[in-house]
Amino acid sequence: MTVVATTSSTTNKVLPHPLNAWYVAGWDHEVTRKPMSRRIANRPVALYRTEDGKAVALADACWHRLAPLSMGKTMEKDTIQCPYHGIVYNSAGRCVSMPAQETINPSATVPSFPVVERYRYVWIWMGDPTLADPDLVPDMHQMTSDEWAGDGLTIHAACNFQLVLDNLMDLTHEEFVHSSTIGQEELSESDFVTVREGNKVTVTRWMHNIDAPPFWLKNMRDKFPGFEGKVDRWQIINFEAPSTISIDVGVAKAGTGAPEGDRSQGVNGFVMNTITPETDRSSHYFWAFMRNYALDSQLITTQLRDGVHGVFGEDEEMLMAQQAAIDANPDYEFYNLNIDSGGMWVRRILESMLAAEGRLAASA
Amino acid sequence: MAATNIETWQSATVEQVVPVADGIARIVLEPSLPLKAEPGSHVDLMVEIDGEPVKRSYSVVESNHDGTRLVISVMKAPLSRGGSTFMHGLVPGQRLEITQPLQNFPLRVGARRYILLAGGIGITAIANMAAVLKRLKADYTLVYVGRSRSAMAYLAELSELHGERLEVHVDDEGSSLSVPALVGRADADTELYMCGPIRLMDAVRRTWVECELDLPNLRYETFGNSGWYDPEEFIVRVPKFDLEVTVPQGRSMLEALEDAGAEMMFDCRKGECGLCEVRITELSGAIDHRDVFYSERQQRLGTKMNCCVSRAVTSPTGSRSDAGAGPAVITIEPN
Ligand SMILES: Cc1cc2nc3c(=O)[nH]c(=O)nc-3n(C[C@H](O)[C@H](O)[C@H](O)COP(=O)(O)OP(=O)(O)OC[C@H]3O[C@@H](n4cnc5c(N)ncnc54)[C@H](O)[C@@H]3O)c2cc1C
Ligand code: FES
Ligand code: FES
Ligand SMILES: [Fe+2]
């Protein structure tokens with residue numbers, strides 16, 4: 345209610361995650377007829393597909409003695425059998441067979457979580473299922489658009505999910521963390537604009553008439569063989585709650601009108617990121633790099649994926665070290681700088697979601 | 005998953021007690037550790053019967069978004085041991101020990117079609133489900149049956165909220181429910197949630213099975229131990245413990261045996277788990293099986309019973325006019 349109540353985010357080093365939101369549970373190809381287990385928002389979840397191919401997410405603990413259902417096997421239609429004493433559940437989490445008795449105990453259920461498949465991912469809703477509106481799945485349309493090509497991977501990041509969001513909302517770190525690929529000093533020298541609109545935040549940065557860093561020089565030459573010269577470079581970071589960040593990135597030949605909207609003399613990519621809290625101190629970080637040129641080249645898809653994988657490996661190392669330092673220094677607070685404005689809006693938004701769930705006190 | 009089956013006890017303040025139908029009181033509670041109540045959830049609370057604390061359960065009819073205000077509604081039970089009478093005597097400001105909402109009867113979001121069936125006071129477990137399905141714009145019908153309008157709580161509010169989706173059947177107006185017609189409207193994509201008198205629920209269940217509908221799509225809440233027969237006093241003999249115990253009308257066989265010092269195995273105490281099973285070696289009278297653990301076939305065999313809920317009765321048919329003279333006598337072998 346009061347303004348005072350929203351200021352705790354500035355000192356919140358380990359932020360809890362909203363539950364009334366869609367998170368990615370896995371890539372579509374990870375969820376198969378063979379059940380898998382993944383911890384999401386602190387809860388172990390069993391993921392599998394029905395005979396009809398629909399993704400299902402059940403709590404990964406049998407109602408009887410809590411054996412993990414993910415060690416069991418999928419049965420006919422939409423069912424899965426507990427590996428221990430054979431209770432069979434359907435996709436709603438309801439027991440359909442109890443081998444050792446003639447009836448079905450009416451209490452025999454495991455929680456079933458709403459899932460939606462979209463943008464190459466299986467999304468899961470861990471909170472109040474009556475609020476699970478598929479229209480709230482964050483926009484990642486480049487993942488399944490004909491105009492974009494690319495691929496990605498998953499990073500298991502040993503840190504609170506908010507630290508990954510902070511990392512992506514402020515790219516001045518590229519100059520220091522990614523100096524050999526995409527970093528350059530103009531990053532921290534150039535101005536940026538932060539705009540918050542409801543549950544979205546945008547941070548826009550343009551660097552005019554600069555040398556292209558190695559990663560971008562290669563991309564320019566893939567499209568414009570033998571390219572030399574200065575470029576205009578952009579980074580437009582788009583956050584959508586709770587934890588999806590798609591970053592519009594690219595360079596164009598300097599002075600050819602890219603800032604005004606003509607990007608034809610450049611190369612454009614989208615770094616698609618969506619972060620799923622695993623525990624309070626670990627995250628599943630799903631990312632992909634999508635481009636809008638050389639769409640049919642698997643060579644370029646693979647080179648870009650491997651290149652970005654290397655860059656993100658540098659972030660992963662930093663994030664892990666940062667989380668360890670946070671935990672080792674419980675009596676030190678964060679200090680927030682001007683460059684953190686994007687990340688600070690993200691914290692505000694997440695905090696208002698937590699407040700709506702009545703879970704803000706837990707974060708204090 | 006906010007609500008669970010783990011009991012977290014807290015205190016609650018009674019804010020309001022008002023009558024909402026013949027013999028039914030609406031009770032508004034303010035819990036000290038609020039938690040939002042999911043549709044289908046209930047609270048356990050401690051009532052006082054003859055100065056002793058005893059546990060009773062009540063469905064949450066309504067809760068606000070953060071659970072700081074929980075509404076329950078209590079019917080004065082005929083042949084009551086006193087729990088519902090205690091609840092009717094509550095006054096604003098009084099404190100109660102209650103649990104956070106518990107969930108045995110979850111509503112699944114996402115079914116193609118829903119039928120909700122409430123009989124009498126069973127509306128308490130169903131009302132919140134109907135409200136949520138309305139908010140989700142789901143395809144649902146709310147069927148509410150009762151003996152007479154004056155005994156049916158929340159009729160006006162429900163008809164205001166649900167309009168044509170509410171279907172009312174009233175015995176004393178001659179518009180009683182036809183169970184086959186109701187179940188006939190269900191298909192493989194329909195989930196039916198019900199709470200009401202055991203005879204109504206048994207009829208629905210039987211028809212459901214006859215129609216070859218999937219049993220997991222039939223969900224129900226039993227308000228505990230209402231049987232086909234009125235409870236009677238009976239005698240239980242346990243040769244193994246050299247015991248002969250009279251089970252009074254107001255106690256279960258399990259309780260009576262425990263009172264007499266027998267160490268019995270049990271867990272759920274509501275006829276679900278089958279752990280309190282005893283073998284029947286001799287019987288004069290009939291068994292009123294009140295559990296959901298045995299199949300009908302097993303109940304008919306009459307060789308075992310779940311003593312936490314099931315009772316012995318004199319009448320072989322269940323009708324009072326057939327009641328035998330003396331108390332029923334049963335001899336058992338416990339596990
Ligand atoms: C999950 C759940 C939700 C419930 N929700 C509600 C609700 O919303 N509103 C509501 O009014 N009630 C509800 N109940 C029922 C409630 O908990 C009490 O059982 C009810 O108020 C009667 O309590 P009592 O002590 O007055 O009567 P009891 O003494 O328990 O008597 C109630 C009935 O049980 C029978 N009975 C009496 N003695 C015995 C015995 N020894 N063994 C078996 N049966 C006996 C009698 O025939 C009598 O009609 C719910 C029960 C459960 C389990
Ligand atoms: S633990 Fe799953 S059936 Fe026993
Ligand atoms: S104790 Fe569970 S059925 Fe009796
Ligand atoms: Fe980075």
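From first to last, the protein sequence lines stand for chains D and V. With our numbering, the residue at position 230 of the first sequence is 574, and numbering never jumps. With our numbering, the residue at position 229 of the second sequence is 233, and numbering never jumps. By construction, the Cβ of each residue, glycine as well, lies at the ideal position given by its N, Cα and C atoms. All values derive from a computational prediction rather than experimental measurement.
With distances taken between CB atoms, is the gap from residue i to residue j smaller than 8 Å?
{"i": "D:R649", "j": "D:L497", "result": "yes"}
{"i": "V:E34", "j": "V:A16", "result": "yes"}
{"i": "V:V313", "j": "V:F238", "result": "no"}
{"i": "V:D271", "j": "V:L279", "result": "yes"}
{"i": "V:R23", "j": "V:G124", "result": "With the sequence shown as reference, residue 23 of chain V is identified as Pro, and Arg is not the correct amino acid for it. Taking 8 Å as the Cβ cut-off, V:P23 and V:G124 do not qualify as a contacting pair."}
{"i": "D:E533", "j": "D:G527", "result": "no"}
{"i": "V:G114", "j": "D:P458", "result": "yes"}
{"i": "D:L704", "j": "D:P362", "result": "no"}
{"i": "V:A25", "j": "V:A129", "result": "no"}
{"i": "D:N732", "j": "D:R635", "result": "Nothing can be reported for residue 732 of chain D: it is not among the residues displayed for chain D, which extend from 345 to 708."}
{"i": "D:K421", "j": "D:E395", "result": "yes"}
{"i": "V:R60", "j": "D:E446", "result": "no"}
Buried or exposed: residue i, going by 16 or more other Cβ atoms within 10 Å of its Cβ?
{"i": "V:M269", "result": "exposed"}
{"i": "D:W489", "result": "Reading the sequence as shown, one finds Ser at residue 489 of chain D and not Trp. D:S489 is exposed by the Cβ-count criterion."}
{"i": "V:I31", "result": "buried"}
{"i": "V:A160", "result": "exposed"}
{"i": "D:Y465", "result": "buried"}
{"i": "D:C503", "result": "buried"}
{"i": "V:V183", "result": "buried"}
{"i": "D:K378", "result": "exposed"}
{"i": "V:T194", "result": "buried"}
{"i": "D:L643", "result": "exposed"}
Are the C-beta atoms of residue i and some chain D residue less than 8 Å apart?
{"i": "V:P220", "result": "yes"}
{"i": "V:D191", "result": "no"}
{"i": "V:P110", "result": "yes"}
{"i": "V:E276", "result": "yes"}
{"i": "V:D70", "result": "yes"}
{"i": "V:V136", "result": "yes"}
{"i": "V:V75", "result": "no"}
{"i": "V:Y158", "result": "no"}
Helix, strand or coil for residue i, going by three-state DSSP, please let me know.
{"i": "V:Q107", "result": "strand"}
{"i": "D:P569", "result": "coil"}
{"i": "D:R377", "result": "coil"}
{"i": "D:R635", "result": "strand"}
{"i": "V:H166", "result": "helix"}
{"i": "V:L100", "result": "strand"}
{"i": "D:T645", "result": "helix"}
{"i": "V:V240", "result": "strand"}
{"i": "D:W371", "result": "strand"}
{"i": "D:V652", "result": "helix"}
{"i": "D:E461", "result": "strand"}
{"i": "V:P82", "result": "coil"}
{"i": "V:M5", "result": "Caution applies to V:M5, whose pLDDT of 33 falls short of 50 and renders its modelled position unreliable; the value that the coordinates give is listed next. If DSSP states are grouped into helix, strand and coil, V:M5 belongs with coil."}
{"i": "V:D263", "result": "helix"}
{"i": "V:R60", "result": "strand"}
{"i": "D:K562", "result": "helix"}
{"i": "V:H92", "result": "helix"}
{"i": "D:H500", "result": "strand"}
{"i": "D:I431", "result": "coil"}
{"i": "D:P450", "result": "coil"}
{"i": "D:Q609", "result": "coil"}
Just checking: is the beta-carbon of residue i within a distance shorter than 8 Å of some beta-carbon in chain V?
{"i": "D:E395", "result": "no"}
{"i": "D:P603", "result": "no"}
{"i": "D:N449", "result": "yes"}
{"i": "D:E446", "result": "yes"}
{"i": "D:A699", "result": "no"}
{"i": "D:N434", "result": "yes"}
{"i": "D:A476", "result": "yes"}
{"i": "D:M557", "result": "The amino acid at residue 557 of chain D is misidentified as Met; the sequence shows Pro. Not one chain V Cβ lies under 8 Å of D:P557."}
{"i": "D:C439", "result": "yes"}
{"i": "D:G702", "result": "yes"}
Between the segment 287 to 303 of chain V and chain D, which residues of the former have a C-beta closer than 8 Å to a C-beta of the latter? V296, F297, Y298, S299, R301 and Q302
Beta carbons nearer than 9 Å to chain D: which residues of the segment 108 to 133 of chain V have them? Correct list: N108, F109, P110, L111, R112, V113, G114 and A115.
Which residues of the segment 193 to 205 of chain V have a Cβ closer than 9 Å to any Cβ of chain D? Give them in chain order. Taking 9 Å as the Cβ-Cβ cut-off against chain D, the residues of the segment 193 to 205 of chain V that qualify are E195.
In chain order, what residues of the segment 136 to 152 of chain V put their CB closer than 8 Å to some CB of chain D? Of all residues in the segment 136 to 152 of chain V, the ones placed with a Cβ closer than 8 Å to any Cβ belonging to chain D are V136, R139 and L140, in chain order.
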